[in-house]
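Accompanying notes for the structure given below.
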């Protein structure tokens, strides 16, 4: 995990690919020497509500089948 003190701080990283080209419509190639990537680390929180019985049923189904999958509002055959 990145340092949380760097949250919402713009960063620039220069990448120098060894063998990268831009191909023009005329089929000519332009070599890419380097490019700058601008990025920023951010954090987002998400709250969801899960029906407990649906969740328990899904866990038991996954345990029994060996397949791990959970989908909210999954229809179950009774």
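In the numbering used here, the protein residues as written are 19 to 96.
Idealized CB from N, CA, C, for every residue including glycine.
Look at the Cβ atom of residue 56, then the Cβ atom of residue 35, and state whether they are nearer than 8 Å. The count along the chain shown starts at 1 and reaches residue 56 at position 38. The count along the chain shown starts at 1 and reaches residue 35 at position 17. Contact: no.
For residue 49, which residues from the same chain have a beta carbon less than 6 Å from its beta carbon, with the 5 sequence-adjacent residues on both sides left out? For this step, residue 49 is matched to residue 31 along the chain shown. So the list reads 39, once near-sequence residues are dropped.
Straight-line Cα distance separating residue 41 from residue 47: Here the question's residue 47 lines up with position 29 in the chain shown. Here the question's residue 41 lines up with position 23 in the chain shown. Approximately 5 Å between the Cα atoms of the pair.
Kindly list the residues whose CB is nearer than 7 Å to the CB of residue 52, restricted to its own chain and excluding five residues on each side of it in sequence; keep chain order. The residue given as residue 52 occupies position 34 in the chain shown. These residues qualify, in order along the chain: 32, 33, 34.
Give me the Cβ distance between residue 21 and residue 60, rounded to the nearest whole Å; I'm assuming they're in contact under 8 Å. On the chain shown, position 3 is the one that residue 21 refers to. On the chain shown, position 42 is the one that residue 60 refers to. Contact flag wrong, Cβ pair sits at about 14 Å.
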